[in-house]
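Student: Residue numbers (the working numbering): 14 to 271.
I'd like to ask some things about the structure below.
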């Protein structure tokens with residue numbers, strides 16, 4: 014039902030794509046698309062404006078206009094699909110802040126990570142588990158034999174340097190595609206991944222991203238590709254912290270084709 018109510022307005026000219034509002038929105042109502050914050054849907058926005066305070070450019074405001082009613086049940090479904098716990102106001106427990114405030118894109122926030130000393134290597138060099146080349150998504154041919162019936166890992170570029178045991182943990186027996194949702198244009202990636210899904214009859218797709226909000230764009234790219242391909246495909250999501258820990262592993266709710 015549509016009615017006049019408070020709802021978030023985003024000035025795209027002012028938005029710098031930092032993603033802080035995505036962290037601040039407990040309802041998961043915002044996402045980055047083409048480097049700009051966008052409202053996922055009117056039903057997910059409660060209009061209270063919790064996302065305004067952290068915006069470094071003042072791109073977000075609350076306006077009164079005709080919009081769909083806020084739907085709390087739909088919000089809980091959305092949060093589950095995003096792998097996020099409901100906020101306390103939505104029946105969940107209080108959640109610690111994911112990262113400190115930063116007046117810019119969190120992926121560009123400089124920090125020293127102080128890694129622990131690497132263990133002494135075992136006798137001999139550890140073998141690479143990479144089973145094919147190329148690995149950049151845009152360079153993969155959809156009909157490549159190593160993609161046929163494969164379990165495909167779609168890796169955000171930064172995960173390769175952040176996850177210390179990536180080869181041992183993720184690569185064995187998997188095909189690999191790499192892309193950056195922040196620096197690359199999304200449409201070519203959506204089209205190429207959809208072509209691969211249709212041509213290769215993939216067994217599964219696992220999207221591996223960093224914890225920074227702009228990296229969520231790769232999960233959105235994968236979702237669009239699955240829907241564009243029009244096939245049922247099991248899809249998993251793994252989130253990596255900047256200090257190399259696996260924060261989250263789950264199957265996502267949009268695995269069914271639209």
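The beta carbon of each residue, even a glycine, is placed where N, CA and C say it ideally should be.
Note that the structure is predicted; figures quoted are calculated from it, not measured.
Does the Cβ of residue 237 have 16 or more other Cβ atoms within 10 Å, making it buried, or fewer, making it exposed?
Tutor: Position 224 of the chain shown, counted from the start, is the residue given in the question as residue 237. Buried is the call here.
Student: For residue 58, which residues in the same chain have their Cβ closer than 7 angstroms to its Cβ, ignoring the five residues on either side in sequence?
Tutor: Within the chain shown, numbered from 1, the residue matching residue 58 stands at position 45. Shown here for residue 58: same chain residues with a beta carbon closer than 7 angstroms to its own, the five before and five after excluded, namely 20, 21, 40, 42, 52 and 83 in chain order.
Student: Since residue 217 sits in a beta bridge, which residues does DSSP pair it with?
Tutor: As a position in the chain shown, residue 217 is number 204, starting the count at 1. Note: residue 217 sits in a beta bridge opposite 164.
Student: At which residues does the beta strand (DSSP E) containing residue 241 begin and terminate?
Tutor: Against the chain shown, residue 241 aligns to sequence position 228. First-last for residue 241: 229-242, but that is the alpha helix (DSSP H), not the beta strand (DSSP E).
Student: Going by C-alpha distance, which of 158, 31 and 60 is nearest residue 215?
Tutor: Counted from its first residue, the chain shown places residue 215 at position 202. Here the closest residue by C-alpha is 158.
Student: Within the continuous alpha helix (DSSP H) that includes residue 35, where are the two ends?
Tutor: Taking the chain shown and counting its residues from 1, the one referred to as residue 35 is at position 22. From DSSP, the alpha helix (DSSP H) with residue 35 extends over 33-37.
Student: Is it a yes or a no for the segment 159-170 touching the segment 215-233, going by three-plus beta-carbon pairs under 8 angstroms?
Tutor: yes
Student: Pick out whichever of 14, 194, 247 and 17 has its Cα sitting closest to the Cα of residue 44.
Tutor: Within the chain shown, residue 44 is the residue found at index 31, counting from 1. That would be 194, whose Cα lies nearest to the Cα of residue 44.
Student: Quick check on this structure: which residue in 221, 256 and 234 has the alpha carbon closest to the alpha carbon of residue 249?
Tutor: Along the chain shown, read from residue 1 onward, the residue named residue 249 stands at position 236. Each of 221, 256 and 234 was checked against the Cα of residue 249, and the nearest Cα belongs to 221.
Student: Please tell me whether residue 165 and residue 139 are closer than 8 angstroms, where the distance is taken between their beta carbons.
Tutor: Residue numbering aside, residue 165 sits at position 152 when the chain shown is read from its first letter. Residue numbering aside, residue 139 sits at position 126 when the chain shown is read from its first letter. No, they are not a contact pair.
Student: Which of helix, strand or coil does DSSP assign to residue 205?
Tutor: Taking the chain shown and counting its residues from 1, one reaches residue 205 at position 192. In the structure shown, residue 205 sits in a helix (DSSP, three-state: H, G or I).
Student: For residue 21, which of helix, strand or coil comes out of DSSP?
Tutor: As a first step, residue 21 must be located in the chain shown, where it is residue number 8. Strand, per DSSP.
Student: Give me the residue from 79, 55 and 71 with the minimum Cα distance to residue 91.
Tutor: For the purposes of this step, residue 91 is identified with residue 78 of the chain shown, where counting begins at 1. Minimum Cα distance to residue 91 is reached at 55.
Student: What does DSSP give as the partner residue(s) for residue 249 in the beta ladder?
Tutor: To locate residue 249, count along the chain shown from 1; it is residue 236. Per DSSP, 219 and 264.
Student: Anyone know if the C-beta pair for residue 244 and residue 94 falls short of 8 angstroms?
Tutor: The count along the chain shown starts at 1 and reaches residue 244 at position 231. The count along the chain shown starts at 1 and reaches residue 94 at position 81. No, Cβ-Cβ distance for residue 244 and residue 94 is not below 8 angstroms.
Student: Check each candidate in 68, 258, 198 and 60 and name the one with the smallest Cα separation from residue 28.
Tutor: Locating residue 28 in the chain shown gives position 15, counting from the first residue. The residue among 68, 258, 198 and 60 with its C-alpha nearest the C-alpha of residue 28 is 68.
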